[in-house]
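Worksheet for the structure shown next.
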Amino acid sequence: DYRKGGYHPVSVGDRYDNGRYIVLRKLGWGHFSTVWLTLDTMTDTHVALKIVKSANRYTDSALEEIKLLECVKKTNPEAKGYRHVAQLLDHFWHQGPYGKHACMTFEVLGESLLSLMKRYNYKGIPQNIVKRISKQVLEGLDYLHRECGIVHTDLKPENVLVWIPNIEDYLKKDTAEILSDIKQKEAISLASSPTQLQPQNQPWLSESESAGLSKSKRKRLKKKKKMKSLQEAREEALENGDTGDLEDKMGNLKISTSWKRPKEIKVIPSSILDITSIEVDKEGLQVFDDIVVKIADLGNACWMDGEYTHVIQTRQYRSPEVIVGCKWTNEADMWSAACMIFELLTGEFLFDPRAGSKYNKDDDHLAQMLELMRTVPKVLISGGEFSREFFDRTGKLRQIKRLRYRRLRDVLHDTFLVPPEDADAASTFLLPMLEMDMAKRAPASQMLESPWLQESA
Ligand code: ATP
Ligand code: MG
Ligand code: MG
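Counting the sequence shown from 1 gives a position; full-length UniProt numbering is that position plus 27.
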């Protein structure tokens, strides 16, 4: 994906926004962008720099993300949920060899809830921690929905990040070392080849230059021009869950000083933002006693009063109204929230549909929902653009006839060995968010009143 229209090639030591931000290490990546830990030399603090792919559809999406993030920032800083949504700090453009990239900076956050789940070997995060996380995520959603009029549309463990207290103190130690290393390498490469130090000024392929390309290259470019629409790109990302952080996919990180990498100089362990190491930090930062999380990645978010005709949400967190093609809105986030909280508790997806020889993923997904919820409201049977493909007139699934009904509390108890009382309580908490009829589904404000959450205080 490092090509025209794709990711911008970034190296440790690169400077952005006229030298203001110095890249220190990679934090993660997604379908749309790569994200880097940088030092903001103007404020002498660390920020996360998100550099979006340069093709038009990604740039358009980034511009929308910036608008939404600005609304989140301005609407009501006093709201309880304000601190549970990752806030935009700054944004600017960067011209690179593969095109013009939208760049955004955010407060540096720690690992995602997916990494946190891994830490518990996918056997579930302790209930008391899940309760605290759930409360904060619901507060964040309540803020997005009621105050900002925004639907997140892609709530899942990867998109909720842990906030780390005193992160500046923690990062500064490593930064001093990395910076001295960068300066040393810069001095060496300045002596040998002065032009290498200005990665931002490297020439990139402009449209007029591409006119002089060979036949085959032109053909390829033409083919690329038929690129899928932004929506298709998003849908592809949602189906494939194409995202990652250092721990997932990168392992350790190589430093080099020019963007023509990789020239291995030094390997930094990927544990800087590892909350386990913070747990045992000398300064006594006990993250688990005060865990704070923030909803991140508003890259797929949209306005509640906007158009909603397309497919949203990563597969496992997708709501029934989206599958059957009904008009969806903020209730879709509540469905995802329930799927995510179940996963935090158990370490496994609530719904994980597969295609079979006689049915597709959507059929299987609806079947799994029905096995748990038993009945389908009329609005889904006949009200969606694709309802007819899935349901017959009586509300039975066309492709899958045999359903194995089960109760949520039994799944928790029998499959995941949750003690009966806890299973009952968790299921009572989750079911209002899993209401098949979106009109009856509990909003975040109502969920925040739930007794299950009060016990976590
Ligand atoms: P997606 O494919 O999920 O839409 P994306 O390209 O929009 O991804 P993000 O999800 O915003 O990108 O970020 C990608 C990854 O970068 C995150 O999963 C996370 O690991 C890391 N990341 C993002 N923002 C921050 C931050 N503020 N602090 C630390 N790490 C971050
Ligand atoms: Mg993401
Ligand atoms: Mg995104």
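Every residue gets a Cβ at the ideal spot worked out from N, C-alpha and C, and that includes glycine.
Buried or exposed by the 16-neighbour rule on C-beta atoms within 10 Å, applied to residue i
| i | result |
| --- | --- |
| glutamine 340 | buried |
| tryptophan 362 | buried |
| threonine 373 | buried |
| glycine 239 | Bear in mind that a pLDDT of 43 at glycine 239, under 50, signals an unreliable position, so the model cannot answer this. |
| serine 237 | Bear in mind that the predicted position of serine 237 carries a pLDDT of just 37, short of 50, making it unreliable; the figure below should be weighed with that in mind. Classification of serine 237: exposed, given that the 10 Å Cβ count is below 16. |
| arginine 436 | buried |
| aspartate 181 | buried |
| residue 21 | In this structure the chain extends from 28 to 484, so residue 21 is not present and cannot be described. |
| proline 184 | buried |
| phenylalanine 413 | exposed |
| proline 347 | buried |
| aspartate 441 | exposed |
| lysine 200 | exposed |
| leucine 90 | exposed |
Pick from the options that is closest to residue i, judged by C-alpha positions
| i | options | result |
| --- | --- | --- |
| aspartate 332 | Thr356, Arg345, Asp324 and Ile322 | Thr356 |
| aspartate 41 | Ser472, Leu206 and Leu136 | Leu206 |
| residue 488 | Asp117, Ala113, Asp28 and Ser139 | Residue 488 falls outside the range modelled here, since the chain spans only 28 to 484, and no answer is possible. |
| methionine 396 | Arg345, Leu371 and Ser384 | Arg345 |
| alanine 113 | Thr86, Val320, Gly151 and Pro36 | Val320 |
| serine 384 | Lys199, Ile156 and Gln426 | Gln426 |
| aspartate 196 | Lys405, Asp71, Ala453 and Lys210 | Asp71 |
Start and end residues, beta strand (DSSP E) containing residue i
| i | result |
| --- | --- |
| valine 62 | 60-67 |
| histidine 392 | Histidine 392 -> not in any beta strand (DSSP E); alpha helix (DSSP H) instead, spanning 388-400. |
| threonine 72 | 72-79 |
| tyrosine 48 | 48-56 |
Beta-carbon contacts of residue i that lie in its chain and below 6 angstroms, excluding the five residues immediately before and after
| i | result |
| --- | --- |
| alanine 382 | Lys388 |
| valine 445 | Leu439 |
| leucine 475 | Leu165 |
| isoleucine 368 | Ser161 |
| asparagine 186 | Ala323 and Asp324 |
| cysteine 98 | Cys175 |
Beta-carbon contacts of residue i that lie in its chain and below 7 angstroms, excluding the five residues immediately before and after
| i | result |
| --- | --- |
| glutamate 398 | Leu430, Arg431, Tyr432 and Arg433 |
| glutamine 343 | Cys366, Phe376, Phe378 and Asp379 |
Where the alpha helix (DSSP H) through residue i begins and ends
| i | result |
| --- | --- |
| valine 406 | 405-409 |
| lysine 212 | 194-219 |
| isoleucine 368 | 358-373 |
| isoleucine 350 | 347-351 |
| arginine 415 | 414-417 |
| residue 9 | Only positions 28 to 484 of the chain appear in the structure, and residue 9 is not among them; the question remains open. |
| leucine 457 | 447-457 |
Distance cut-off 7 angstroms: residue i Cβ against heavy atoms of ligand 4
| i | result |
| --- | --- |
| glycine 167 | Judged by which ligands are present, ligand 4 is missing from the structure shown, whose ligands are ligand 1, ligand 2 and ligand 3. |
Cutoff 8 angstroms: residue i Cβ touching any chain D Cβ
| i | result |
| --- | --- |
| methionine 474 | No chain D is present in this structure, which holds just one protein chain. |
Neighbourhood of residue i by C-beta distance below 8 angstroms, restricted to the same chain and skipping five residues each side
| i | result |
| --- | --- |
| valine 50 | Val37, Ser38, Val39, Gly40, Asp41, Arg42, Tyr43, Trp63, Leu64, Thr65 and Leu76 |
| threonine 202 | Leu51, Leu66 and His73 |
| threonine 132 | Tyr48, Thr65, Asp67, Val74, Ala75, Leu76, Lys77, Leu115, Leu116, Asp117 and His118 |
| lysine 100 | Gln114 and Leu115 |
Can you check the stretch 99-171 for any beta strand (DSSP E) of at least 3 residues that lies completely inside it and give the ranges in chain order? The stretch 99-171 is shown to contain whole beta strand (DSSP E) runs of 3 or more residues at 115-123 and 126-134, in chain order.
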